[in-house]
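Asks: Just so you know, we're using the working numbering here: the sequence shown kicks off at 1 and counts up by one. C-beta: ideal position from N, C-alpha, C; glycine also.
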Amino acid sequence: MTTPPSLRREENRVILAGTWTLAVLIPHLDTLREELRGAVAAGCVWDFEAVARLDSAAATLLWQTWGGAYPAQVILSDAQRRILDRVAAVADEGPPPPPPAISPVAATGHFALRGVRQTYGLVALFGQLILDALHLARHRDELPWKEFSANLYKAGALALPVSALVGFLIGITISYLSALQLKTFGADLFIVNILGISIIRELGPVLVAVLVAGRSGSAMTAQIGVMRVTEEIDALATMGISRTVRIILPKVAALTVAMPLLVLWTSAVALAGGMVAALLQLDLSPAYFIETLPRAVPVANLVIGLVKGAVFGFSIALVACHFGLKVRPNTESLSGHTTTAVVSAITAVIIIDAIFAIFTRNLGLPQL
1 MTTPPSLRRE ENRVILAGTW TLAVLIPHLD TLREELRGAV AAGCVWDFEA
51 VARLDSAAAT LLWQTWGGAY PAQVILSDAQ RRILDRVAAV ADEGPPPPPP
101 AISPVAATGH FALRGVRQTY GLVALFGQLI LDALHLARHR DELPWKEFSA
151 NLYKAGALAL PVSALVGFLI GITISYLSAL QLKTFGADLF IVNILGISII
201 RELGPVLVAV LVAGRSGSAM TAQIGVMRVT EEIDALATMG ISRTVRIILP
251 KVAALTVAMP LLVLWTSAVA LAGGMVAALL QLDLSPAYFI ETLPRAVPVA
301 NLVIGLVKGA VFGFSIALVA CHFGLKVRPN TESLSGHTTT AVVSAITAVI
351 IIDAIFAIFT RNLGLPQL
């Protein structure tokens, strides 16, 4: 049976007895702390001969009560002294020093170097994909059709419902808000021009790209990251199977093909939503809307939107796969790289869209 810890004073001697371990100490902690303080103030001899067991928790309590130093007179066994010496060594180390502050210049440099390293990794992955594509062009029997079709179904077909819903609501919103302004100037008929240009050229591709980056991009990063954690990619290398041919290239190719189709689908549904809102708000017939749309929106805008979709899909898949390959074998790295991949992909989409806007400003738009 475990004897509870206790101490008693006999003349100028403090005699500790019982089991001084954490589990037994906790119920008596407050009482023992008061008695220990009183014994320290009296300056007595400390006698540990009756202590059955002493662990580091009780030794820490005693060391703190003693003020970080042995009493003038203490009777200990060799094992008890070793425990107290270890506690004293840890207590003497003190808390670790705070990390040095990073200057703004150093932080900027670290950020720039990190960006350069990520860019280098993306360029290297892009180059490897080109080499793999050239190899597969010469050896068509090695084409990963099963992987390509599976990724095309996941990234394309399964994204149709959510992209249609969001596109329809966006079309209704833009049409409704534009109609309120056009009514003021008596320019109701120009609702077709506004909806056509904005959705087909800009909102359709960008909206789908953001949805795909959050849906398919994160899934690609997580899938490759889990394969890194479970060492499946290393197993492929051991068997002599190229990871880029079997994993990366099918994902990039599938999303590059699926994105223009999703852009076309989402733009059509968004225009349908805008047409419904125009009918309800401006009493504009669907027949007039459909008849006027080809004249109001040149075909160049549709081509630009589809090309944007392909470039967006390629960029999203490339960024997602790049960060998936960077995952280290722990869950924190997996979640962090997945988040970084989504943010980086959306940022890349916005940058690419701005570049397209600059270089295609003279295509498909009325000249001032």
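Across which residues does DSSP place A17 in a beta bridge pair?
Replies: Locating residue 17 in the sequence shown gives position 17, where the first residue counts as 1. Paired residues: S6, A50.
Asks: DSSP on I75, reduced to helix/strand/coil?
Replies: The residue given as residue 75 occupies position 75 in the sequence shown. Three-state result, I75: strand.
Asks: Of the residues L207, I172, I26, which one's Cα is nearest the Cα of V162?
Replies: Locating residue 162 in the sequence shown gives position 162, where the first residue counts as 1. Looking at the Cα atoms, L207 is the closest of the given residues.
Asks: In chain order, what residues of the same chain lie with their CB nearer than 7 angstroms to the CB of P286, ignoring the 5 residues before and after it?
Replies: Position 286 of the sequence shown, counted from the start, is the residue given in the question as residue 286. Closer than 7 angstroms at Cβ, skipping near neighbours: M275, L279.
Asks: Within its chain, find whatever has a CB closer than 6 angstroms to the CB of D188; leave out the 5 residues flanking it on each side and keep chain order.
Replies: One-based indexing of the sequence shown puts residue 188 at position 188. Hits under 6 angstroms: L182, L282.
Asks: In chain order, what residues of the same chain have a beta carbon less than 8 angstroms from the beta carbon of S315, not counting five sequence neighbours either side?
Replies: Position 315 of the sequence shown holds residue 315. Around S315: A345, A348, V349, I352.
Asks: Of the residues G38, E35, L22, V307, which one's Cα is nearest the Cα of A59?
Replies: As a working note, residue 59 is residue 59 in the sequence shown. Among G38, E35, L22, V307, the Cα nearest to that of A59 is on L22.
Asks: Do L203 and A270 have their CB atoms nearer than 9 angstroms?
Replies: Sequence index remark: in the sequence shown, residue 203 carries index 203 (1-based). Sequence index remark: in the sequence shown, residue 270 carries index 270 (1-based). Contact flag set, yes.
Asks: Could you say which of L211, A57, Q73 lies nearest to R13 if we only look at CA atoms?
Replies: For the purposes of this step, residue 13 is taken as residue 13 along the sequence shown, with counting starting at 1. Checked all of L211, A57, Q73; the closest Cα to R13 is Q73.
Asks: According to DSSP, simplified to helix, strand and coil, what is V276?
Replies: Working through the sequence shown from its first residue, we reach residue 276 at position 276. Note: V276 maps to helix in three-state DSSP.
Asks: Are the CB atoms of V45 and E67 within a distance shorter than 9 angstroms?
Replies: If you number the sequence shown from 1, residue 67 lands on position 67. If you number the sequence shown from 1, residue 45 lands on position 45. Checking the sequence, you will find Gly at residue 67 rather than Glu. Judged by beta-carbon spacing, V45 lies beyond the 9 angstroms limit of G67, meaning their Cβ atoms are not closer than that value.
Asks: Are there three or more Cβ pairs, one per stretch, closer than 8 angstroms when the region 149 to 169 is compared with the region 326 to 333?
Replies: no
Asks: Let me confirm a value: R361 is counted as buried when at least 16 other C-beta atoms fall within 10 Å, else exposed. Which label applies?
Replies: Looking up residue 361 in the sequence shown gives position 361. Label assigned to R361: exposed.
Asks: What does DSSP give as the partner residue(s) for V45 in the beta ladder?
Replies: Along the sequence shown, read from residue 1 onward, the residue named residue 45 stands at position 45. DSSP lists R13 as partners of V45.
Asks: Keeping to the same chain, check which residues put their C-beta closer than 7 angstroms to that of N193; ignore five residues upstream and five downstream.
Replies: Counting from 1 along the sequence shown, the entry for residue 193 is found at position 193. A296, listed in sequence order.
Asks: Using a 10 Å radius around the Cβ and a threshold of 16 neighbouring Cβ atoms, would you call Y239 buried or exposed?
Replies: Start at 1 with the first residue of the sequence shown, and residue 239 comes out as number 239. The question names Tyr, but residue 239 is Met in the sequence shown. Of the other Cβ atoms in all chains shown, fewer than 16 fall within 10 Å of the Cβ of M239; this residue is therefore exposed.
Asks: For T230, which option in V210, A209, L334 has the closest C-alpha, if you only look at C-alpha atoms?
Replies: On the sequence shown, residue 230 is found 230 positions in, with the first residue counted as 1. Cα-wise, what sits closest to T230 is L334.
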